[in-house]
Amino acid sequence: MKLPVSVKVSAFALIVMGAYTYYANSIPQIQSKPPEELSLEGGNVTPEQLVKAGEGIFKEKGTCEICHRIGQKGTRAPDLAGTGATASKRKPGMGAKAYLIESLLDPAAYLVEGYPAIMPKVDRPPIALNRSELWALTAYLQSLGGSVDVKLDDIPKSAGATAGGGAGTTTEFKMPGDPKAGQAVFMGKGACVACHKVGDVGGPVGPPLTEIAKIQTPEYIMAKILNPASMGTVSGFPPNVMPPTLGQTLTAKEYVDLMAYLLTLKGGAAGAKK
Amino acid sequence: MARWFTPPRLRLSLLFLILLCAVPVFAQESKEVAYRAFPYIGSRLAVRAIAQLHLNFAAFILGVPIFAVIIEIMGWRTRDPKYDWLAHEFVKLTFAAFSTTALLGALLLFLFVGLYPKFWAYMAGIFTPTFWIYAALFFLETFTVYLWYYGWEWLSGPKKWVHVCLGVLSNLFGTAILVVSNSWVTFMVSPGGIDDAGNLVSLWGAINNYAWMPINIHRLIANIVFGGTIAAAYAAFRFLSATSDEERARYDWMGYIGNFVALSAFIVLPFAGYYLGREIYAFNQTMGITMMGGFMSWLWIIQAILIGVLFIGSNYYLWLGMERIPGSERYRKYIPYLIMVIAAGFMVWATPRSLIVTLQEARAMGGTHHPILGFLGVMSAKNTAVNLMILTTFLSFLLYRRANKASLRPWASTGVAAQWAVFALAAAIVTFYGVYGYFVESIVRIGFSVYQVLAVLGAIVVIMAIDIPMFKGAKATGQIRWGTIAPRSQYVLILLAVTFTWLMGLMGFARSGIRQHWHVYGVVRDSSPDAVTPALGYAANVITIVTIVFFALVMFIFWLGSLGDRGKEEAHAHAAPVIAGGSGAS
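Following this line, the structure appears as structure tokens:
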């Protein structure tokens, strides 16, 4: 039986495409997932925990490993082995901690000889580390041959201010609820204030929420209220303390109002009042 | 006049303009919603599939008219009717695909406005003035192409120059449309003209972003390659279905021209790719490094394989074509050496440097890259390989070109010696900088690729400058026996079309994938459930399905287009010329 040309040509094209598809499916399958936000503010984090968190940022969200190696000379960026100690000798009059923080926030301020000015500011998009992440990353870099003494307050308050991406979906997020009514839920029915501080008011059991709108995404906060266990626990705080049924005890309006209130908490006096 | 207001393409144009006018309204109404989900398959897949289909059709209808008008000019100047027939045949192919392109464009716009309203509102806030330019160009192009196609007979004879001008004008409008829409897509990759908060500072800065001009050049060249391969595949299909020697000869010639056009543009395409890569690095090192050495590193191995297939296929087609040229026997001895160079280049280009491997694989190999072969995986080796492959392909073409010719110039032997010397010099320069690149820093090494490219381009120009006068008025050793080429050569043409279409899909994934979890890189974050950039296997499955749909649609559209010609051929002024045994097309 003689096959029509259209059948032969179609079969040939399918075999060719099938071969390409098979090959593409037979190699390592790697997805690129959006990085998760790390929040350590207000927590009693041990230096070991901080260094471990910083190592994760170094390898993943910070994408530092693309250019920097530890114990191996890179062609694009300096070897970071022992940087915790050598950082103090880079810039006259500047200590290791200050130098490392400056290197992250303003990499072009000082260039190691022989390397071009290609490093991006890591608190700006697209890397966009927040203050907690900068704190942890600095601690990790200090741990490479030096001693870890960096505090959250060493990281400038302005750092990571545009971490979410300057325009579009993230920064324009607005809840339709009433922040005043939400504050009442926070202080009353929700009993959030029993464990969380806003400004000077509130308990110490959970992490303070004074800057929660600045350091966390709305999606995270919403999910944390509805299903606390699914979002993990901030380092330094006891796990599984937040009531799992909180989301169910609130009415839809109370939930929306509470979210609207939490999204106003960006640090400073406004969040700390009352 | 009335007939111009009835075709579907024009109606689609009007629909498109109305849609475009409504864009800012949609943007305002959808302020509160960031994302909507497309049923069953999700928003990302819906946009991805329609965007790829739209781009395939758009590339075809923009690419083919470029070489159609060049062929028409050749026919006009040489007074050879077969070129005019071929140009008309090519335009006929694109004409049938115009409506589908516009329809898919409108559908893509619906998807953006409906599924990604927040993102679209941001883009509209930046680019609204360009939407009006785009719409105006769309109208101008529509009218010009209609005049060009339907006026073929009316504007013939002494008015032919007017017709040619219409062809040129429609290409200019088409290219302008491409350039405007490229500004939107490249802004998403390398945004410019905005402040830190993403507010517009300069519209020209937003248009003229880092990736804009390289993408303009890259897409323009790639569209010609794509149009050439699709036209050649169409001719191959008609060749294989032909019932007479005359028809076989006609479509053999058409396939050759299509492939010639594709190959001519293809050999300069890697250079445009380098330019694009360099600008991406200039915009953001992190993005560039993620693209080449991060989670996308395997993508370039697949790309290398596809381009290797294109090089080998193009050369194989030329070698098979030489068998229908009396006098080509004297050049067949070179073919094994050409194969060796291309195969070696292919192997080098497909050699990875450092890839994400399992711990066991890394231990077995002694690191993230092979201790010996790993050195062939760096850009120095790859640039050298691809430049030598381009030189070799050019040599194949040169041998094909002179297969049935014997120069009558007294200086012919000196000319040939000079050509070989230029080839050798170019190969030496390419190899020198390839080796030297191992001993310098990456920032210096990147600059070497420019010298390599200039050496190859320079060699092509100089060799052709010698070749054209050397073979002008040359003695023919025999006529090309059109239609006698081996049928397997036609499958090579289909292989080239399928591979290039698949490659376009892969490169589309690369371009959008390097943004990772950003709609607009570093400015508008993708916080939708689809923010994950999928793995290559998934991307390949999508590319294959869309490519199958594309070819099915193309076959259907071409079949529809051919319905109108049935029974008309005898009466038509563009009745197919007799080509069997003809020459001069080389």
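Residue numbers (the numbering used here), protein chains in the order written: chain A, 7 to 280; chain B, 593 to 1178. Cβ atoms here follow ideal geometry from the backbone N, Cα and C, with glycine treated the same way.
Here the C-alpha atom of Thr-1076 (chain B) lies approximately 15 Å from the C-alpha atom of Gly-919 (chain B). Separation of Leu-1145 (chain B) and Trp-776 (chain B) (C-alpha to C-alpha, rounded to the nearest whole angstrom) is 27 Å. As summarised for the segment 1076-1139 of chain B, the continuous alpha helix (DSSP H) elements at least 4 residues long and confined to that stretch are 1080-1105, given in chain order.
Around the CB of Tyr-1113 (chain B), 16 or more other CB atoms lie within 10 Å, so the residue is classed as buried. Looking at B:Trp-804, B:Thr-767, B:Val-683, B:Val-901, the one whose alpha-carbon comes closest to that of Gly-784 (chain B) is B:Trp-804.
Given a length threshold of 4 residues, each whole run of the alpha helix (DSSP H) inside the segment 843-884 of chain B is given here in chain order: 861-875.
The contact set of Asn-31 (chain A) on chain B, defined by CB atoms closer than 7 Å, consists of Gly-1129, Ala-1132 in chain order. Under the 10 Å beta carbon count, Thr-778 (chain B) is surrounded by 16 or more other beta carbons and is classified as buried.
Segment contact: the segment 973-981 of chain B against the segment 1016-1029 of chain B, three or more CB-CB distances shorter than 8 Å; contact assigned. At least one CB of chain A lies nearer than 8 Å to the CB of Ser-833 (chain B).
Using a Cβ distance threshold of 8 Å, Val-1134 (chain B) and Lys-39 (chain A) do not count as a contacting pair. Per DSSP, the unbroken alpha helix (DSSP H) holding Ala-798 (chain B) starts and ends at 795-799. Residues of chain B with a Cβ closer than 9 Å to the Cβ of Val-22 (chain A) are, in chain order, Val-901, Ile-1086, Leu-1087, Val-1090, Thr-1091, Trp-1094. When the alpha-carbon of Trp-941 (chain B) is set against those of B:Phe-967, B:Tyr-926, B:Ile-917, the nearest one is in B:Phe-967.
Within the same chain, Cβ atoms closer than 8 Å to the Cβ of Glu-871 (chain B) are found at Ser-782, Tyr-802, Ala-803, Met-805, Pro-806, the five residues on either side in sequence being excluded. In its chain, beyond the 5 residues on either side, Ile-718, Leu-792, Val-793, Gly-797, Ala-798, Val-1115 have a beta carbon closer than 8 Å to the beta carbon of Ile-786 (chain B). The alpha carbon of Thr-144 (chain A) has as its nearest neighbour, out of A:Pro-98, A:Lys-163, A:Leu-117, A:Leu-111, the alpha carbon of A:Leu-111.
Leaving aside the five residues that flank Ala-857 (chain B) on each side, the residues in its chain whose CB is nearer than 6 Å to its CB run, in chain order, Ile-813, Ile-816, Val-817.
Listed by position along chain B, the residues whose Cβ is nearer than 9 Å to that of Cys-73 (chain A) are Gln-877, Thr-878, Ile-881. For the segment 1097-1122 of chain B, residues whose beta-carbon sits nearer than 9 Å to a beta-carbon of chain A comprise Leu-1098, Gly-1105, Arg-1107, Gln-1108, His-1109, Trp-1110, His-1111, Val-1112, Tyr-1113, Gly-1114, Val-1115, Val-1116, Arg-1117, Asp-1118, Ser-1119, Ser-1120.
Contact of Lys-39 (chain A) with chain B is assigned, a C-beta pair being separated by under 8 Å. Straight-line measurement puts the Cα of Asn-851 (chain B) at about 30 Å from the Cα of Ser-1005 (chain B).
Looking at the DSSP output, Ser-635 (chain B) shares a beta bridge with no other residue. By the Cβ-count criterion, Trp-1110 (chain B) is buried, with 16 or more other Cβ atoms from all chains shown falling within 10 Å of its own Cβ. In chain order, Val-1115 place their CB closer than 6 Å to the CB of Gly-790 (chain B), counting only its own chain and leaving out the 5 sequence neighbours on each side. In the DSSP assignment, Tyr-1028 (chain B) falls within the unbroken alpha helix (DSSP H) covering 1004-1028. Per the C-alpha coordinates, the member of B:Gln-1108, B:Tyr-632, B:Ala-1078 positioned closest to Lys-67 (chain A) is B:Gln-1108. Contact between Tyr-926 (chain B) and Leu-991 (chain B) holds, with the beta-carbon distance rounding to 6 Å and staying under 8 Å. Neighbours of Val-1141 (chain B) in chain A, taken as residues at a C-beta separation under 8 Å, are lacking, since the least C-beta distance is about 12 Å. Taken in chain order, the members of the segment 213-237 of chain A whose beta-carbon sits within less than 8 Å of a beta-carbon on chain B are Thr-223, Glu-225. Taking 9 Å as the Cβ-Cβ cut-off, the segment 8-22 of chain A approaches chain B at Pro-10, Val-11, Ser-12, Lys-14, Val-15, Ser-16, Phe-18, Ala-19, Leu-20, Val-22, given in chain order. In this structure, the straight-line span from the alpha carbon of Gly-88 (chain A) to that of Gly-880 (chain B) is close to 28 Å. Interface residue (Cβ-Cβ distance to chain B less than 8 Å): Pro-131 (chain A) is classified as such. A Cβ-Cβ contact shorter than 8 Å links Asn-808 (chain B) with Asn-774 (chain B).
Selection B:Leu-1087, B:Ala-1057, B:Phe-1040 evaluated against Val-15 (chain A) yields B:Leu-1087 as nearest (Cα-Cα). About 27 Å separates the beta carbon of Ala-638 (chain B) from that of Leu-729 (chain B), a gap too long to meet the 8 Å contact definition.
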